[in-house]
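Numbering (our numbering), first residue to last: 10 to 224.
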């Protein structure tokens, strides 16, 4: 509701992203059943654009990522935008919908993401493309890494651990207690990569995130 009220007066979206961050932080910090240790936010400089990549095991990951307190755009599957209230909020925040299997939509979505980065706004992507059923780090898709190389924006990996039992894919039950962590790793400079070297960059990021998750 607040997003809809402020949207006409918030062309730079400063109010909108603060409302979204406050919502996520309130859920995590005021919920006595959620214990999420967040570290490494200092790696995300406030006046710099990044391609943020995070592993994904649960819908709770989305809430936790708002605790970073940074302005970013989600590149998310289009079906999420249809969820009452949550999806409507994503639309009001001008997040970027991605329709799987439609090459035209994928191209347009990544073009929009590129424009955001060029304007100085970070873009957040789950490179696995979906929630992991096993809780283990899945195979990464290429899009985030091609985008980073094309725009010459550094990548920041984010490792999320412990949220897998909350609203996870394929589970009939939902756990109410969460004890986990969200760790922001140092930025990875991409200026030395050509676009045809995206596989090399993808492997580097995957290995760094796996090492952090296995600690």
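Quick reminder that beta carbons are idealized off the backbone N, C-alpha and C, glycines included.
If you're wondering where the values come from, they're calculated on a predicted model, not measured in any experiment.
Do residue 190 and residue 36 come within 8 Å of each other at the CB atom, strictly closer than that value? The sequence position of residue 36 within the chain shown is 27, counting from 1. The sequence position of residue 190 within the chain shown is 181, counting from 1. Not a contact, by the Cβ cut-off of 8 Å.
Can you tell me whether DSSP reads residue 42 as helix, strand or coil? Against the chain shown, residue 42 aligns to sequence position 33. In the three-state DSSP reduction, residue 42 falls in the coil class, being neither helix nor strand.
Element boundaries [beta strand (DSSP E), containing residue 160]: Position 151 of the chain shown, counted from the start, is the residue given in the question as residue 160. Element bounds for residue 160: not the beta strand (DSSP E) but the alpha helix (DSSP H), 152-160.
Cβ-Cβ separation, residue 172 to residue 187 (assumed contact under 8 Å), whole Å: As a first step, residue 187 is located in the chain shown; it is residue number 178 there, counting from the start. As a first step, residue 172 is located in the chain shown; it is residue number 163 there, counting from the start. Taking a contact as a CB-CB distance under 8 Å, the pair residue 187 and residue 172 counts as one, their CB atoms being some 6 Å apart.
Beta carbon of residue 141, beta carbon of residue 66: below 8 Å? In the chain shown, residue 141 corresponds to position 132, counting from 1. In the chain shown, residue 66 corresponds to position 57, counting from 1. Yes, these two residues count as a Cβ contact at 8 Å.
Start and end of the beta strand (DSSP E) containing residue 62? Here residue 62 corresponds to residue number 53 of the chain shown, with the count starting at 1. Here the beta strand (DSSP E) through residue 62 covers 60-63.
Between which residues of its own chain and residue 228 is the CB-CB distance below 7 Å, once the five residues before and five after are set aside? Past the edges of the chain, shown from 10 to 224, lies residue 228, and the structure says nothing about it.
For residue 155 and residue 204, I'd like the C-alpha separation in whole angstroms. Counting from 1 along the chain shown, the entry for residue 155 is found at position 146. Counting from 1 along the chain shown, the entry for residue 204 is found at position 195. Cα atoms of residue 155 and residue 204: separation of roughly 6 Å, rounded to the nearest angstrom.
Have a look at 198, 150 and 158 and flag the residue whose alpha-carbon is nearest the alpha-carbon of residue 215. Counted from its first residue, the chain shown places residue 215 at position 206. The residue with the shortest Cα to Cα distance from residue 215 is 150.
Could you check how far apart the C-beta atoms of residue 167 and residue 61 are, in whole angstroms? I think they sit under 8 Å. Along the chain shown, one-based indexing puts residue 167 at 158. Along the chain shown, one-based indexing puts residue 61 at 52. That belief holds up - the Cβ atoms of residue 167 and residue 61 are roughly 6 Å apart, short of 8 Å.
Once you ignore the five residues that flank residue 108 on each side, which residues in its own chain have a CB closer than 7 Å to its CB? Translated into positions along the chain shown, residue 108 becomes position 99. The residues are 87 and 114.
Where residue 212 falls: helix, strand or coil (DSSP): Translated into positions along the chain shown, residue 212 becomes position 203. Of the three classes helix, strand and coil, the one that applies to residue 212 here is helix, per DSSP.
For residue 158, which residues of its own chain have a beta-carbon under 8 Å away from its beta-carbon, when the five flanking residues on both sides are left out? Locating residue 158 in the chain shown gives position 149, counting from the first residue. Excluding sequence neighbours, residue 158 sits near 199, 202, 203, 204, 206, 207 and 210.
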